[in-house]
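S.K.: The structure follows.
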Amino acid sequence: MRTAESGDDAAAVWDIATPPWPARLQGVGMAGFRARTTDPVDLGVVPYPAVTVAVDLSGGLLAVGDTSGRQCNGSVVVGLEPTGVRGRGRDIECLQVRLSPVVAHAVLGACSELDGTVVPLDDLWGRDAARFQERLRAAESWDERFAIAEAALARRQEAGRAVDPEVAFVWEHMVTNLGGVRVERLAAEVGWSRKRLWSRFRSQIGLNPKRAAQLVRFDQAVHRLAAGHSAARVAAEIGYVDQSHLHRDVRAFAGVTPKAVSRAPWLAVDDVAWAAPAYLSGPCAQDAGRSR
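This is the structure in structure tokens:
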């Protein structure tokens, strides 16, 4: 286990553990969190280009709810674009897994059902979810927990239904180009009409291609803002039309200004817990566009 600490006040709330080995599954990232304080924790969940699974290891002390009034206690799955989702609790200990939507489709089922919602893990995995949580809670170290989770995810990915190679190819190009892609060009590259790509991508990834590209670009932008880059510089680097365009996108996704998002608590732990993005596609993206 590699544990890490940060001097930032928000990051200092948590003890964070990460796997000591390189990621063995493409499109999967994992980190363990244990609250250092018994004070209540209340954190907003902001859109990220990965599906998030939070496995509660503290016996139901983690509660996650959204603006619809739905609240889930225990292990949950959060879609790509959560709306008003907040996590609350005391003495929280959890394993957080970030899944590329390409991987999430096989591991969890159709991501379109998760858009903006919080879903109990039990609803998606049934009795397997309870067994999975029991094994994680009984583990004697974070390294053992990471190994258990990795093996379980690998089994479910192998048994699950993969996304279309064309969809995986388009997602990977969105990520590698920081969201700066033209859907029509990618559709032509994989040999599909724009309408077919739009429909298949939406049903399997959970967002339409345009919104998915905006989300990837937003994620890149806010991390550069948090690193101290000016809004003008970030807008130019990421491909926004101008600084006002960046401002509108940050407002739309995070509900705050670029200046406020640069100090957001949810970004304080990212460099510690997630050394590399977890949303790169899996192997099914390899050759979808090359033979066309």
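Quick note, the sequence shown lines up with residues 1 to 292 if you use UniProt numbering.
Here a beta-carbon is modelled for each residue, glycine too, at the ideal position from N, C-alpha and C.
Pop quiz: L57 and L95 are said to be a contact at Cβ under 8 angstroms. What is the actual Cβ separation, rounded to whole angstroms?
M.R.: Contact holds; Cβ gap of about 6 angstroms.
S.K.: Cα separation between E150 and D123?
M.R.: Between E150 and D123, the C-alpha separation is close to 20 angstroms.
S.K.: Decide if the region 238–249 is in contact with the region 187–206; the criterion is three or more beta carbon pairs, one per stretch, under 8 angstroms apart.
M.R.: In short, these stretches do not touch, since the Cβ pair count stays below three.
S.K.: If you check the beta carbons only, do L25 and V77 fall under 7 angstroms apart?
M.R.: Going by C-beta atoms, L25 is not nearer than 7 angstroms to V77.
S.K.: Looking at V41: is its Cβ nearer than 7 angstroms to the Cβ of G89?
M.R.: The answer is yes: Cβ separation under 7 angstroms.
S.K.: Which residues in the same chain as W14 place their Cβ atom closer than 8 angstroms to its Cβ, once the five residues preceding and following it in sequence are excluded?
M.R.: Around W14: F33, R34, A35, R36 and V269.
S.K.: Might you give, ordered along the chain, the residues of its own chain that have their beta carbon closer than 8 angstroms to the beta carbon of K210, omitting 5 neighbours on each side?
M.R.: Counting only Cβ-Cβ distances below 8 angstroms, and skipping sequence neighbours, we find V183.
S.K.: Quick one: Cα of L186 to Cα of A213, how far?
M.R.: If you take the alpha carbons of L186 and A213, they lie about 12 angstroms apart.
S.K.: By DSSP, does V97 sit in helix, in strand, or in coil?
M.R.: In this structure, V97 counts as strand in the three-state DSSP scheme.
S.K.: Quick one, which of V53, E166, F218 and A252 has its alpha-carbon nearest S199's?
M.R.: Nearest option by C-alpha distance: E166.
S.K.: Note down the Cα distance separating T52 from D143, rounded to an integer number of angstroms.
M.R.: For T52 and D143, the distance between alpha carbons rounds to 20 angstroms.
S.K.: Taking the straight line between their C-alpha atoms, what separation do you get for G79 and V119?
M.R.: Their Cα atoms are separated by approximately 9 angstroms.
S.K.: Along the chain, where does the beta strand (DSSP E) that runs through L43 open and close?
M.R.: It spans V41 to G44 - the beta strand (DSSP E) in which L43 sits, taken as one unbroken run.
S.K.: Just to confirm before moving on: does the CB-CB distance between M30 and V97 stay below 7 angstroms?
M.R.: The answer is yes: Cβ separation under 7 angstroms.
S.K.: Less than 7 angstroms between the C-beta atoms of V46 and A254, yes or no?
M.R.: Yes. Within cutoff.
S.K.: How is the beta strand (DSSP E) around V118 delimited, first residue to last?
M.R.: That run of the beta strand (DSSP E) goes V118 to P120.
S.K.: For the beta strand (DSSP E) that contains R233, what are its first and last residues?
M.R.: R233 -> not in any beta strand (DSSP E); alpha helix (DSSP H) instead, spanning A231 to I238.
S.K.: Give the C-beta separation of G239 and L178 to the nearest angstrom, bearing in mind that I take them to be a contact with Cβ-Cβ under 8 angstroms.
M.R.: Indeed, because the Cβ distance is near 7 angstroms, the residues count as touching under 8 angstroms.
S.K.: Just verifying my parser: in three-state terms, what is the DSSP assignment at T38?
M.R.: If DSSP states are grouped into helix, strand and coil, T38 belongs with coil.
S.K.: Beta-carbon separation of G84 and D66 under 7 angstroms?
M.R.: It is a contact, given that the beta carbons lie within the stated cut-off.
S.K.: How long is the line joining the alpha carbons of S193 and V28, rounded to whole angstroms?
M.R.: Near 30 angstroms, if we compare the C-alpha coordinates of V28 and S193.
S.K.: V234 and W171: beta carbons closer than 7 angstroms?
M.R.: It is not a contact, given that the beta carbons lie outside the stated cut-off.
S.K.: When you compare each of F201, V250, R202 and G191 to Q220 by their alpha carbons, which one comes out closest?
M.R.: Checked all of F201, V250, R202 and G191; the closest Cα to Q220 is V250.
S.K.: Exposed or buried, S141, counting other C-beta atoms within 10 Å across all chains shown (16 or more means buried)?
M.R.: Classification for S141: exposed.
S.K.: Output the distance between the C-alpha atoms of R145 and K195, rounded to the nearest integer angstrom.
M.R.: Distance between the alpha carbons of R145 and K195 is about 43 angstroms.
S.K.: Measuring alpha carbon to alpha carbon, tell me which residue in A147, A231 and R263 is nearest W21.
M.R.: It is A147 whose Cα lies nearest to the Cα of W21.
S.K.: So, are the CB atoms of L267 and A231 less than 7 angstroms apart?
M.R.: No, these two residues do not count as a Cβ contact at 7 angstroms.
S.K.: Rounded to whole angstroms, what is the Cα-Cα separation between D128 and R224?
M.R.: Near 39 angstroms, if we compare the C-alpha coordinates of R224 and D128.
S.K.: Let's test the definition: count the other Cβ atoms within 10 Å of the Cβ of T18 and tell me whether it reaches 16, buried, or not, exposed.
M.R.: Answer is buried; the Cβ neighbour count reaches 16.
S.K.: Residues bridged to G87 by DSSP?
M.R.: Per DSSP, L43 and V64.
S.K.: Of all the options A188, G180 and V256, which has the alpha carbon lying nearest to the alpha carbon of V241?
M.R.: Ranking the options by Cα distance to V241, first place goes to G180.
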